[in-house]
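See below for the structure under consideration.
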Amino acid sequence: MKIFINGLSCSGKSTLSMKLAEQLNYKIIHTDDYYIDGYEGNWDEPQAFQINKLIEDINSQNDLIVEGIMSYFCVTLISNKENFKLIYIDQTIEKCFERRSKRKQALCCEQEYFQTIVIPGYQKYCKNLFNELKEIVQYEIIDMKSD
Numbered sequence: 046m047k048i049f050i051n052g053l054s055c056s057g058k059s060t061l062s063m064k065l066a067e068q069l070n071y072k073i074i075h076t077d078d079y080y081i082d083g084y085e086g087n088w089d090e091p092q093a094f095q096i097n098k099l100i101e102d103i104n105s106q107n108d109l110i111v112e113g114i115m116s117y118f119c120v121t122l123i124s125n126k127e128n129f130k131l132i133y134i135d136q137t138i139e140k141c142f143e144r145r146s147k148r149k150q151a152l153c154c155e156q157e158y159f160q161t162i163v164i165p166g167y168q169k170y171c172k173n174l175f176n177e178l179k180e181i182v183q184y185e186i187i188d189m190k191s192d
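Residue numbers for the sequence shown follow my numbering, beginning at 46 and rising by one.
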């Protein structure tokens, strides 16, 4: 089975992926590992990723967890959607921003960047795609808003 995990930046995707991979003995593909070196555009758009390589790596493996903002976008590009599961992590924007602001990444603490780049990318490539894909693929929503 291939499990695709998505949610807003700092919602807990990597943490959940690592726990599931350990329990299920699955491999993990982090979509963040497929950013194009030196890319100078919007990092929350497919153009920022080596999408062909990412799809190739997903297609070449079974028993796999794919996590990251582009995980659902990858599902749209894969023709065989059997034996898939989507996991959507629902976390508050405030909690995600709080977690993100503790990281030492460039631009990570800027509220404007989060509001104008991160959230629109999440809406387009996570939330909206999830609503489309859940009609044809097994899914589960994990509500993290109460933690």
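All C-beta atoms in this analysis are idealised placements derived from N, C-alpha and C, irrespective of residue type, glycine included.
- By the neighbour-count criterion, in which 16 or more other beta carbons inside 10 Å mark a residue as buried, Arg145 falls on the buried side.
- Closest in alpha carbon position to Ser56, among Tyr158, Lys169 and Ile132, is Ile132.
- A straight line joining the alpha-carbon of Ala66 with that of His75 spans about 12 angstroms.
- Unbroken alpha helix (DSSP H) stretches of 4 residues or longer found wholly inside the segment 100-140: 116-122, given in chain order.
- By the Cβ neighbour-count rule, Asp89 is buried, with 16 or more other Cβ atoms within 10 Å of its own.
- Note on geometry: alpha-carbon atoms of Ile138 and Asn97 lie some 30 angstroms from one another.
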